[in-house]
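All you need for this note's numbering is the position in the sequence shown, starting with 1, plus 330.
Here's the structure, in structure tokens; my notes come after.
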Amino acid sequence: MTACKSLQSPCSACSPCQARSIPALEIAALSRQIACTGSPRPIMAAQVAPDGQVPEAVVRRVNGEHKHTNAHARDIKSRGDDTSIDEPWEVDPKLAFNDSYVMFTTKMYLYPKLALLWLPTFLLTLPYASLAHTYGSCLPVPTDHVRRGAGFHASLLVARLLLIPTFVLGLVSLVLDYVFYYLFGGLFFLLFVRDLKQYRASQKVIAPYRGGTILVEDIFVASIGQCLRNGTMEHALSFTTMLTVMPWVKYYINANPLIYPLKERFVQQISTSWHDLGPDVAHEKVREIISRSRQEGRLAKRMDMWRFCPHYPYPPPGRRWANGLQAGNIFTLLTHVTHGVAEARGVTEKDQFVLSNCTERPVWRVMLWYSNPYHFLSGWVEASITNGEPSQKDKVFGGEHPMWLVTAPSPLLSNRDSLTGPGVIDAFFDSWLPVIANEVRRLARGAEYAASMHQEVVSKDGLSRPAASVGMDKLSEDAEKIDAHRELRAAAKKSKTARILKKAGRHRVLRRSDLLP
331 MTACKSLQSP CSACSPCQAR SIPALEIAAL SRQIACTGSP RPIMAAQVAP DGQVPEAVVR
391 RVNGEHKHTN AHARDIKSRG DDTSIDEPWE VDPKLAFNDS YVMFTTKMYL YPKLALLWLP
451 TFLLTLPYAS LAHTYGSCLP VPTDHVRRGA GFHASLLVAR LLLIPTFVLG LVSLVLDYVF
511 YYLFGGLFFL LFVRDLKQYR ASQKVIAPYR GGTILVEDIF VASIGQCLRN GTMEHALSFT
571 TMLTVMPWVK YYINANPLIY PLKERFVQQI STSWHDLGPD VAHEKVREII SRSRQEGRLA
631 KRMDMWRFCP HYPYPPPGRR WANGLQAGNI FTLLTHVTHG VAEARGVTEK DQFVLSNCTE
691 RPVWRVMLWY SNPYHFLSGW VEASITNGEP SQKDKVFGGE HPMWLVTAPS PLLSNRDSLT
751 GPGVIDAFFD SWLPVIANEV RRLARGAEYA ASMHQEVVSK DGLSRPAASV GMDKLSEDAE
811 KIDAHRELRA AAKKSKTARI LKKAGRHRVL RRSDLLP
């Protein structure tokens, strides 16, 4: 199935609809009725949406979209870019000084703040995480969708009360971030930038990504899923880091118009092909991994070992979007996710705008709103099944992850071996996508088959290609060699053989990277 690729309202493209203008009062009445009953009466639906079409305003509301963001996306789409590869990106070495200032002032401010606020915030978050884990433990295995009934809302009320002290400290942290953002950023602007034209241009880059909604009930549902994957302590730890660290990384480091000339950068990551599974099976299994609230135990344990574990719960009736949480090792990131398979108020997958030009079928649109302080990036991200056209057709039906991100062409924010920015994120997903590609095959065909089809990616800017070797047999053999050398070294330390090994130059422990092609 090919995704709809136009943001234009269906009504605006249909001449019969143009001849019949829809009074604003009727649309308002329909909206009020939907809010009260969850669905419009058939006669009203016929009046407001002739020929089965849904008004653009309703589509935006159900999808969690904004008009100005859609207009920006239309402009990008109209260029017809090759979205199967990264766009060319030049790093400006002159901005290394800006990077040095940013990192120096970050250490000066962030370390003392964390010493003061991190531990109290963590301790206050533990009861909330415990409640989420307890509620999730009562769900049947598996649970795709958390029902938001009376029991859920009673638990949600308790969760809101437990989060009050956490959010008070989080608010203190955020206010401090804003104060020092303007203090350090304003000082740099006055001393070294002094260019209002550059500042206004950077604000225009940010403008399309102002908006979005954060709902506590969605966060609670996502926390339930993350606690079941990662445990109470880990979720509380990562949630605390989200509240105390991510706003500073987002606003001061990654998208700071006072210090950097901001631009929008496109990077694309595509997994190896799932042609052996087909797009529908791949679509189903990847949602089973990411969107299912309670997993089967062994799958949850495997996911707990991942360096990155996103959870995008399905939305409740009446909308196609919900907040989700992306879990890293020591942090959690808040997202705004529109689900391709969700249906609400007559809006379906065919009404979902897809910005990528190489999508076979959309899975999620992940909006990283600039107005959301709890994700360190700003931009438009999609996760879909790809056709790979035109530059990576051999990856047909693989998983694609195109990202349009607000950033700057500085070394810190551009290089693949840096601390943050699209460059290092691009490199990270090249290493992570084989993990989820393997898990999708494992769920569909079994562990043995998945191991035989495992394939890594040679990560680089522009076009990341599949590695030459296929299968995990070689990786298993290499792991055995590494273990054997470790045992040899341990034995050598207890005998005279140590001097012989050292003289032969074989005393060093082999690393996995030494054995991989």
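Glycine included, every Cβ here is placed at the ideal spot set by N, Cα and C.
| Check | Outcome |
| --- | --- |
| Start and end residues, alpha helix (DSSP H) containing residue 616 | 609-620 |
| Extent of the continuous beta strand (DSSP E) to which residue 714 belongs | 709-716 |
| Straight-line gap, residue 300 to residue 501 (C-alpha atoms, nearest Å) | The displayed coordinates of the chain run from 331 to 847. Any statement about residue 300 would go beyond what the structure contains. |
| Within 9 Å, strictly: CB atoms of residue 657 and residue 638 | yes |
| Collapsed DSSP secondary structure at residue 402 in the structure displayed | helix |
| Given residue 563 as reference, the closest of 594, 659, 434 once Cα atoms are compared | 659 |
| The segment 527-543 / the segment 417-428 touching (three or more Cβ pairs under 8 Å) | no |
| Cβ separation of residue 700 and residue 585, assumed to be a contact under 8 Å, to the nearest whole Å | 7 Å |
| With 16 other Cβ atoms within 10 Å as the buried cut-off, status of residue 441 | exposed |
| Presumed contact (8 Å Cβ cut-off) between residue 643 and residue 654, rounded CB distance | 6 Å |
| Helix, strand or coil at residue 433 according to DSSP, with G and I counted as helix | helix |
| Touching by the beta-carbon criterion (3+ pairs, under 8 Å), the segment 710-718 and the segment 681-695 | yes |
| Exposed unless 16 or more other CB atoms sit within 10 angstroms - verdict on residue 635 | exposed |
| Cut-off 7 Å between Cβ atoms - residues of its own chain near residue 524, not counting five sequence neighbours on either side | none |
| Coil, strand or helix - residue 674 by DSSP | strand |
| Residues near residue 785 in its chain [Cβ-Cβ closer than 7 Å; skip 5 each side] | 602, 764, 796, 797, 800 |
| Local conformation of residue 557 per DSSP, three classes | helix |
| Opposing strand residues paired with residue 596 [DSSP bridges] | 734 |
| Proximal residues to residue 452 (C-beta, below 8 Å), its chain only, five neighbours per side dropped | 566, 567, 570 |
| Residue 654: first and last residue of the uninterrupted alpha helix (DSSP H) it sits in | Not the alpha helix (DSSP H): residue 654 falls in the beta strand (DSSP E), residues 651-657. |
| Span of the beta strand (DSSP E) around residue 693 | 689-698 |
| Residue range of the beta strand (DSSP E) that includes residue 668 | 662-669 |
| Residue from 495, 467, 464, 698 with nearest C-alpha to residue 450 | 495 |
| Span of the beta strand (DSSP E) around residue 640 | 639-641 |
| From 575, 619, 476, 537, residue whose alpha carbon lies closest to that of residue 550 | 476 |
| Same chain, Cβ closer than 6 Å to residue 793, five either side skipped, listed in chain order | 415 |
| Inter-residue spacing [alpha-carbon to alpha-carbon] between residue 554 and residue 703 | 21 Å |
| Residue 486 versus residue 739 - alpha carbon distance | 43 Å |
| Continuous alpha helix (DSSP H) stretch holding residue 527: start and end | 526-536 |
| Residues near residue 663 in its chain [Cβ-Cβ closer than 6 Å; skip 5 each side] | 656, 705 |
| Beta-carbon proximity list for residue 661, same chain, < 8 Å, skipping 5 on both sides | 568, 571, 572, 575, 576 |
| Residue 606 versus 417, 671, 751, 779, residue with shortest Cα-Cα distance | 779 |
| Check whether residue 760 and residue 789 have beta carbons under 9 Å apart | yes |
| Span of the alpha helix (DSSP H), counted from its first residue to its last, around residue 769 | 752-775 |
| Sub-9 Å separation of residue 492 and residue 521 beta-carbons | no |
| CB contact flag (residue 669, residue 623, <9 Å) | no |
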